[in-house]
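Enquirer: My questions all concern the structure below.
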Amino acid sequence: MTDATQTLSLEQMRADIARILHEDPSEIGDEDSLIDLGLDSIRAMALVTRWRDAGATVEFSELAEDARLSHWWAVVERALARKA
0 MTDATQTLSL EQMRADIARI LHEDPSEIGD EDSLIDLGLD SIRAMALVTR WRDAGATVEF
60 SELAEDARLS HWWAVVERAL ARKA
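In structure tokens:
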């Protein structure tokens, strides 16, 4: 793995989501609906781009299946494992 992929973690993803929603990371639970928290498709695409830059080859459509952080982390973990 590169240094970029080593820094992508569940907590980094939570922080990225919190930043884009202008929330505190502690307010975003693993099972919370990110849509209910205010995430829209434009912001989700920005997150996908950020995480791709960090080495996770994820698709927006994979994340759109279930807008919970727990699901998104599972998708990213699989993507990172494929690269390892």
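Per numbering that gives the first Met the number 0, the very first residue in the sequence shown carries number 0; after that it's consecutive. From the three backbone atoms N, C-alpha and C, an ideal C-beta is built for every residue, glycine too. Computed from a predicted model, the values in this text were never measured in an experiment.
1) Could you tell me how far apart the beta carbons of residue 20 and residue 66 are, in whole angstroms, since I believe they sit closer than 8 Å?
2) Buried or exposed for residue 51, please, with buried defined as at least 16 other CB atoms from any protein chain shown within 10 angstroms of its CB.
3) Would you mind stating whether residue 24 and residue 13 have Cβ atoms separated by less than 7 Å?
4) Could you spell out where the alpha helix (DSSP H) holding residue 48 opens and where it closes?
5) For the candidate residues 83, 69, 8 and 16, whose alpha-carbon lies nearest to that of residue 40?
6) Taking DSSP's pairing of strands, which residues face residue 67 in a bridge?
Expert: Let me spell this out:
1) Between residue 66 and residue 20 the Cβ distance is about 12 Å, and since that is not below 8 Å, they are no contact.
2) Exposed, because fewer than 16 other Cβ atoms sit within 10 Å of the Cβ of residue 51.
3) Yes. Within cutoff.
4) It spans 40 to 52 - the alpha helix (DSSP H) in which residue 48 sits, taken as one unbroken run.
5) Looking at the Cα atoms, 16 is the closest of the given residues.
6) Answer is 32, bridged to residue 67.
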